[in-house]
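Written out below as structure tokens is the structure these notes cover.
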Amino acid sequence: MNAQSPVGVWKNYDDKDGKEKSHIEIYEKNGKLCGKVIKLLPGATLTNCVKCQGAKKGKSLVGMDILWNLTKVGNTYDNGTIIDPKSGKEYDCKIELDGKDQLNVRGYMGVSIFGKTQIWKRVI
0 MNAQSPVGVW KNYDDKDGKE KSHIEIYEKN GKLCGKVIKL LPGATLTNCV
50 KCQGAKKGKS LVGMDILWNL TKVGNTYDNG TIIDPKSGKE YDCKIELDGK
100 DQLNVRGYMG VSIFGKTQIW KRVI
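123 is the number that numbering that gives the first Met the number 0 gives the last residue of the sequence shown; the numbers go up by one with no jumps.
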């Protein structure tokens, strides 16, 4: 996909200290976007999803899908799900490009206004 697509590798950051945590590959699967951790960076403090439920419980973050089922809605991808590996909680998710090298990733419960946005930077 081209540079105007969120498909590619992105770097995310810790909400508390701002340190780089991981590289996440966003890819297309069955017409929807998903994202999996492909690399943990030295600033990462969590390596396994200890608080996750079900099949993800205790699994390594590397190789794990942390966002899935995002569908294109206008200029955004919405109606997906994202997991917070620290808490194990799943949230509704939408993502939107801000230029070609910044991705706004919003997790929320029910209504987007009641959520939090993370800024991810493009690696590839």
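Even for Gly, the Cβ is constructed at its ideal location relative to N, Cα and C.
When rounded, the separation of the alpha-carbon atoms in residue 85 and residue 3 is 30 angstroms. By the C-beta density criterion, residue 108 is exposed, having fewer than 16 other C-beta atoms within 10 angstroms. Contact check for residue 69 against residue 76 passes: the beta carbons are separated by less than 7 angstroms.
Counting only runs that start and end inside the region 66-91, the beta strand (DSSP E) elements of at least 3 residues fall at 75-83. Residue burial is scored here from C-beta neighbours: residue 36 has at least 16 other C-beta atoms within 10 angstroms and is therefore classed as buried. Looking at the DSSP output, residue 21 sits in a beta bridge with 11, 39. The residue among 49, 26, 40, 41 with its C-alpha nearest the C-alpha of residue 64 is 26.
About 16 angstroms separates the CB atoms of residue 34 and residue 19; that is not less than 8 angstroms, and the two are not in contact.
Distances from the alpha-carbon of residue 119 to those of 6, 16, 102 put 102 closest.
For the pair residue 88 and residue 61, the Cα-to-Cα distance works out to about 18 angstroms.
Under the 10 Å beta carbon count, residue 79 is surrounded by 16 or more other beta carbons and is classified as buried.
Rounded to the nearest whole angstrom, the C-alpha separation of residue 93 and residue 23 is 15 angstroms. Comparing C-alpha distances from residue 5 to each of 50, 38, 95 shows the shortest one belongs to 95.
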